[in-house]
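A short worksheet on the structure shown next.
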Amino acid sequence: QQQVKQSPQSLIVQKGGISIINCAYENTAFDYFPWYQQFPGKGPALLIAIRPDVSEKKEGRFTISFNKSAKQFSLHIMDSQPGDSATYFCAASSPGNTDKLIFGTGTRLQVFP
Amino acid sequence: DAGVIQSPRHEVTEMGQEVTLRCKPISGHNSLFWYRQTMMRGLELLIYFNNNVPIDDSGMPEDRFSAKMPNASFSTLKIQPSEPRDSAVYFCASSLPGQKIRNQPQHFGDGTRLSIL
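Chains as they are written, first to last, in the working numbering: chain V, 1 to 113; chain H, 114 to 230.
Given below as structure tokens:
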């Protein structure tokens with residue numbers, strides 16, 4: 001059973017534009033929502049993460065928006081750059097099992113100059 | 114600092130052969146994870162260990178898959194016999210143990226690209 005649904009599957013954005021990737025979850029026990037970034041030929045790496053006690057977290061050009069009532073969260077990449085071209089995964093975990101991340105299916109982002 | 118080290122980076126073998134993937138976690142990390150990545154299913158957790166003990170192997174697809182962690186610095190994922198549908202990229206990740214208040218990031222290796230002919 002897919003517990004974290006991610007969309008879109010792929011995204012093409014022009015340099016300087018805003019990239020938006022969305023995720024929805026089912027398990028209301030989830031309390032930690034990270035985003036991982038993966039470049040070709042490499043493993044995923046933690047980009048940014050949020051807990052449900054805040055509605056937004058910003059780190060540089062990357063922002064997570066969180067809507068607890070809708071059980072949705074999204075990643076916004078402002079001023080997208082070609083170097084941001086990668087696959088992005090959202091994930092979630094519950095307090096009873098903090099080690100176990102449930103990943104979304106990934107979004108391949110391509111930023112063209 | 115050395116990251117998570119996986120070997121081999123690429124493996125091509127014939128159906129029915131035994132395949133062994135290896136992982137060296139980051140020193141000091143005591144949680145270790147094995148993932149499988151495919152286009153169809155994305156990133157799937159196969160099994161994870163805490164302090165060398167398997168905690169959750171519910172993602173291991175079949176009895177053909179087995180994983181061991183004989184010590185804190187080494188783990189293996191074995192497939193025997195291998196099948197073409199096992200073709201995927203297999204990642205190992207490690208982390209400090211998660212805590213109730215703060216989750217620890219998982220650090221991934223660069224993966225093993227496995228092709229079963």
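The C-beta atom is built at its ideal place from N, Cα and C for all residues, glycine as well.
A quick note: this is a predicted structure, and the numbers were derived from the prediction, not measured.
From the beta carbon of residue i, is the nearest beta carbon of chain V less than 8 Å away?
{"i": "Leu227 of chain H", "result": "no"}
{"i": "Asp170 of chain H", "result": "no"}
{"i": "Asp288 of chain H", "result": "Nothing can be reported for residue 288 of chain H: it is not among the residues displayed for chain H, which extend from 114 to 230."}
{"i": "Phe67 of chain H", "result": "Past the boundaries of the shown model lies residue 67 of chain H; chain H is included only from 114 to 230, so the question cannot be answered."}
{"i": "Ser120 of chain H", "result": "no"}
{"i": "Ser200 of chain H", "result": "no"}
Looking at chain H, is there any beta carbon in it that lies within less than 8 Å of the beta carbon of residue i?
{"i": "Pro44 of chain V", "result": "yes"}
{"i": "Tyr32 of chain V", "result": "yes"}
{"i": "Phe73 of chain V", "result": "no"}
{"i": "Arg108 of chain V", "result": "no"}
{"i": "Asp99 of chain V", "result": "yes"}
{"i": "Thr105 of chain V", "result": "yes"}
Which one or two residues does DSSP pair with residue i in a beta bridge?
{"i": "Ile102 of chain V", "result": "V:Ala92"}
{"i": "Ile12 of chain V", "result": "V:Gln110"}
{"i": "His76 of chain V", "result": "V:Ile20 and V:Thr63"}
{"i": "Pro26 of chain V", "result": "In the sequence on display, residue 26 of chain V carries Glu and not Pro. In DSSP, Glu26 of chain V forms no bridge with anything."}
By the three-class DSSP mapping on this structure, what secondary structure does residue i have?
{"i": "Gly172 of chain H", "result": "coil"}
{"i": "Gly155 of chain H", "result": "strand"}
{"i": "Arg226 of chain H", "result": "strand"}
From residue i to residue j, what does the alpha carbon distance come to, in whole angstroms?
{"i": "Gly222 of chain H", "j": "Arg108 of chain V", "result": "20 Å"}
{"i": "Asp199 of chain H", "j": "Phe103 of chain V", "result": "20 Å"}
{"i": "Phe146 of chain H", "j": "Arg122 of chain H", "result": "17 Å"}
{"i": "Pro236 of chain H", "j": "Arg177 of chain H", "result": "Chain H is shown from 114 up to 230; residue 236 of chain H falls before or after that span and cannot be answered."}
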